[in-house]
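Numbering (the numbering used here), first residue to last: 365 to 536.
Ideal Cβ placement from N, Cα and C applies to all residues, glycine included.
On a predicted model such as this, the values are computed, not experimentally measured, just so you know.
Below you'll find the structure, written out as structure tokens, and then a few comments.
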Amino acid sequence: MLQKFIAKLNSYLDRIAPGQPVVQWRRALVISAGVGIAVLAIEFMNLAYGTLGVSESMVLAVFGVTALLIFLFPNSMMYSPLTILEANLFASFVALTCVYIMPIPILGLIICMLCTTLGLYLLNCIHPPAFFLGVVIVMAGVDSLDFAFYPLMVDSLLLSLASYLYRSYLNR
């Protein structure tokens, strides 16, 4: 009876859960190494400059996700070098504006989400981690415009360089 139930449960789960793609070991190692090197370069820049507080360093999670997506989907326009730079800078300026203007953080968060989504769509630079970046900035309460230049612009440039180099590597 229990085996029958487990077999039916497995059958049901197989139908509702998509199968995982088979990834070659070489590609998995290249993706892992690329993400590791990109995040290491970003963290090295952050440590060398050394001005990030604990709440501000949460943006490393956003850049880690971006690095992973760059190497997982190298031919996607959402992770092209220019899109990464445009979307991250736009989202950061929207988020910083919301932090400055909105007296209630939850209201700033909602306005940031709406404006970032609309702006990325209108600018034709859809980049999902940029949306998350805006959320992190508002939640952390970052109130320095310098934050848009360092670490955001510098780290976005490093990610854009990683995207460009990986695309060049694949196209050779």
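Residue of the options minimising C-alpha distance to residue i
i	options	result
residue 450	530, 485, 500 and 391	485
residue 480	467, 465, 417 and 497	497
residue 472	507, 431 and 370	507
residue 446	511, 415, 491 and 510	491
residue 423	407, 440 and 370	407
residue 427	382, 519, 533 and 504	519
residue 400	435, 421, 444 and 448	435
residue 465	531, 380, 502 and 411	502
Under the three-state DSSP convention, the category residue i falls into
i	result
residue 467	coil
residue 384	coil
residue 439	coil
residue 472	helix
residue 490	coil
With 16 other Cβ atoms within 10 Å as the buried cut-off, status of residue i
i	result
residue 430	buried
residue 398	buried
residue 369	exposed
Spatial distance of residue i from residue j (CA atoms)
i	j	result
residue 499	residue 469	11 angstroms
residue 402	residue 374	39 angstroms
residue 482	residue 529	30 angstroms
residue 487	residue 478	14 angstroms
residue 504	residue 475	15 angstroms
residue 425	residue 395	17 angstroms
residue 453	residue 443	14 angstroms
residue 405	residue 376	44 angstroms
*Report yes or no: do three or more beta-carbon pairs, one from the segment 453–462 and one from the segment 523–533, lie closer than 8 angstroms?*
no
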